[in-house]
Amino acid sequence: MTNPGPYKFEHTIVIASDKTTERGGYYDTEGGALNGNYTDFDVGCMVSNDLGRKGYEYGVDFYFEDAGCDEVCFSVKDKKLLTYLSTRYTTVAAEDSIHG
378 MTNPGPYKFE HTIVIASDKT TERGGYYDTE GGALNGNYTD FDVGCMVSND LGRKGYEYGV
438 DFYFEDAGCD EVCFSVKDKK LLTYLSTRYT TVAAEDSIHG
């Protein structure tokens with residue numbers, strides 16, 4: 378985990394990258410400059426785009442906090458975004474996450 382907090386907004390949600398996209402890394406293993414984790418990055422972009430299309434603004438309503446180990450962590454300003462994201466994407470419980 379690279380960002381232990383505190384996060385920008387009070388409410389956080391962790392989305393399972395491996396359940397959200399099929400995009401893999403450059404190689405079949407983690408690590409290395411050419412093997413950035415495209416899976417997590419892809420999900421961060423997908424979720425940010427989804428929320429933006431719904432009228433939410435990055436940095437004002439939600440924030441991409443951290444990613445790693447097939448998880449992407451967002452913080453959100455409005456608790457109702459937790460409900461939307463958890464019904465739209467597969468999430469990871471905070472107690473089971475490296476980001477919790």
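Be aware that the sequence shown starts at 378, since it is given in this note's numbering, and climbs by one per residue. For every residue, glycine included, the Cβ atom is placed at its ideal position computed from N, Cα and C.
How big is the Cα-Cα spacing for Met378 and Glu442? In this prediction, Met378 scores a pLDDT of 49, lower than 50, which makes its location untrustworthy; no coordinate-derived value is stated.
Output the residue ranges of the alpha helix (DSSP H) runs that lie fully inside the segment 382-470 and measure 4 residues or longer, sorted by chain position. 415-430, 457-465
Can you tell me which of the three DSSP states Met378 falls into? A caution first: Met378 carries a pLDDT of 49, below 50, which makes its placement in the model too unreliable to give a value.
List the whole-angstrom C-beta distance separating Val449 from Asp473, where the pair is believed to meet the contact cut-off of C-beta under 8 Å. That belief does not hold up - the Cβ atoms of Val449 and Asp473 are roughly 14 Å apart, past 8 Å.
Cα-Cα separation, Leu462 to Ala470: 13 Å
Using a Cβ cut-off of 9 Å (strictly closer), state whether Asp447 contacts chain B. Here chain B cannot be found, since the structure has a single protein chain.
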